[in-house]
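Q: Have a look at this one before I ask anything.
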Amino acid sequence: MKVSMLAKLVESLPPEDRRLFRRIFRLEVAVGRLKLPKPLEGWVRERFGSLGRVQRQRIVKVVNKVTFEGAFFNELRSLRPVEAGKPVSKEVFMEREDCAFCRPLEMTPEDVFGRVKGPYCVSASNIAKYDRWHGIIVFSEHNPLRLGEKRLEAWLNQAFQWFKRVAKADGRAVYPFLLWNCLWRSGASMVHGHMQMVAGRTPYPKVEALWRQAKRYEARYKSNYFEDLYQVHRSLGLGFQHKAFRVLAYLTPVKEREVFIYSWKPKGLARVLNKVLQVYGKLGVESFNFSLALPPLRRVKGWEEFPYLARLVDRGKL
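This is the structure we're talking about:
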């Protein structure tokens, strides 16, 4: 689907789907105009194909009225000149003596309850913590792009085991969150592949904000926000279901190609994530952010309907 056609597509939806779209999203089409000096016209024709499409630009603005996330789309922006970065040597993916994560048992601290170990990974305690419980799943291989369903399943399973160990050690730390920054453009400080887990005694702000927004939506419309969000995307050809998981090419991404994945059961997440990452790979994506908000580690009133909610964001090449 071309985002420039979104307004027409929404108008063509069945009435119930169109009503649901307008309940959650606000859509506006704006036109930006400019004047081009003569010396610039040749370059504009070469770069963008015509003067007219630059002099009069169509911008599609989409806002999620529930969460106040928004995205503004202009097809010309994908054609604008971008300075090429310096090429990165593939040697950075090779195991190194000076990489602490290549020797995690010797060079990383462990949590007070010890380490969780599994195939393809081992846990460590983060040496500079965000919260009282802040751990790391250190991948066995230095190269963070050695992926695959088996590895993803092992990493996620050990992260879940870490959360269980935290809950046993601290019964009040029941709000979990997982983050995986892959390579520098994602904000990763180390090349060696790793995921980070935190568990707080109070909900993390953005997760709590989403939970409260979803509860308000449910109270107002007597309907589940996440299911309605999926239905809107499915009706536009932007969502599909794989077993218990709903997968959405999100209409209000924080950056290009954000994928929104959710389910009320975590089993099978590795398979779905692997399929999405394979598509990312075909598109040339090497750096990405993956986050996973989870339900509380024990029953907390009001949180019963909160899903396992993953978001994957494209951060480009190396």
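Everything in the sequence shown is counted per the numbering used here, starting at 1 for the first residue and increasing by one. Cβ coordinates follow ideal geometry from the N, Cα and C atoms, glycine included.
(1) Near residue 200, which residues of its chain fall below 7 Å by C-beta distance, leaving aside the five closest residues on each side in sequence?
(2) So for residue 69, helix, strand or coil by DSSP?
(3) Please report the Cβ distance between residue 116 and residue 123, rounded to the nearest whole angstrom; I am assuming they are in contact, meaning their Cβ atoms lie under 8 Å.
(4) So, residue 144 versus residue 105, is the Cβ gap smaller than 8 Å?
(5) Check residue 245 in the structure and name its three-state DSSP category.
(6) Return the chain-ordered list of same chain residues with a C-beta closer than 6 Å to the C-beta of residue 69, the five sequence neighbours on each side being excluded.
(7) Ordered along the chain, which non-local residues of its own chain (more than five positions away) have a Cβ less than 6 Å from that of residue 82?
(8) Using DSSP with H/G/I as helix, E/B as strand and the rest coil, what is residue 322?
(9) Could you tell me the distance, in whole angstroms, from the CA atom of residue 303 to the CA atom of residue 32?
(10) Give me, in chain order, the residues of the same chain whose beta-carbon lies closer than 8 Å to that of residue 275; leave out the 5 immediate sequence neighbours on both sides.
(11) Going by beta-carbon coordinates alone, are residue 224 and residue 305 separated by less than 8 Å?
(12) I need the boundaries of the beta strand (DSSP E) containing residue 281, first residue and last residue.
(13) Would you kindly check if the distance between the Cβ of residue 66 and the Cβ of residue 27 is under 8 Å?
(14) Can you tell me whether residue 287 is buried or exposed? The criterion is at least 16 other CB atoms within 10 Å of its CB, across all chains shown.
(15) By Cβ distance, which residues of its chain are closer than 7 Å to residue 277, with the 5 residues on each side in sequence left out?
(16) Taking the alpha-carbon positions, what's the residue 192 to residue 121 distance?
(17) Identify whether residue 117 lies in helix, strand or coil by the three-state DSSP scheme.
(18) Jot down the residue ranges of each uninterrupted alpha helix (DSSP H) in the segment 131 to 215, minimum 4 residues, whole runs only, in chain order.
(19) Is residue 312 helix, strand or coil when you go by DSSP?
(20) Nearest-angstrom Cα distance between residue 6 and residue 140?
(21) Compare the Cα-Cα distances from residue 157 to each of 29, 138 and 171 and report the closest residue.
(22) With 16 as the cutoff for other CB atoms within 10 Å, does residue 37 come out buried or exposed?
(23) CA-CA distance, residue 317 and residue 284?
(24) Please report the distance separating the alpha-carbon of residue 309 from that of residue 212.
(25) Per DSSP, what kind of secondary structure is residue 128 in: helix, strand or coil?
(26) Identify whether residue 13 lies in helix, strand or coil by the three-state DSSP scheme.
(27) In terms of residue numbering, what span does the beta strand (DSSP E) encompassing residue 299 cover?
(28) Can you name, in chain order, every residue of its own chain whose Cβ lies under 6 Å from the Cβ of residue 247, other than the five neighbours on each side?
(29) Which of the three DSSP states, helix, strand or coil, is assigned to residue 228?
(30) From the DSSP output, in three-state form, read off residue 56 for me.
(31) According to DSSP, is residue 44 helix, strand or coil?
A: To lay it out plainly:
(1) The answer, listed in chain order, is 131, 173 and 175.
(2) In the three-state scheme derived from DSSP, where H, G and I count as helix and E and B as strand, residue 69 is classed as coil.
(3) 4 Å
(4) no
(5) strand
(6) Here the set comprises 252.
(7) A caution first: residue 82 carries a pLDDT of 47, below 50, which makes its placement in the model unreliable, though a value can still be read off. Result list for residue 82: empty, nothing under 6 Å.
(8) A question about residue 322 goes unanswered here, because the residues of the chain that appear run from 1 up to 318.
(9) 44 Å
(10) 242
(11) yes
(12) No beta strand (DSSP E) holds residue 281; the alpha helix (DSSP H) holding it covers 269 to 282.
(13) no
(14) With 16 or more other Cβ atoms within 10 Å, it is buried.
(15) 147
(16) 12 Å
(17) strand
(18) 149 to 169
(19) The answer is strand: DSSP assigns residue 312 an E or B state.
(20) Residue 6 and residue 140: Cα-Cα distance of roughly 44 Å.
(21) 138
(22) exposed
(23) Their Cα atoms are separated by approximately 6 Å.
(24) 15 Å
(25) coil
(26) DSSP, read as helix, strand or coil, puts residue 13 in coil.
(27) Here residue 299 belongs to no beta strand (DSSP E), and DSSP marks it neither H nor E.
(28) Within the same chain, residue 247 has close Cβ partners 240 and 261.
(29) helix
(30) The answer is strand: DSSP assigns residue 56 an E or B state.
(31) helix
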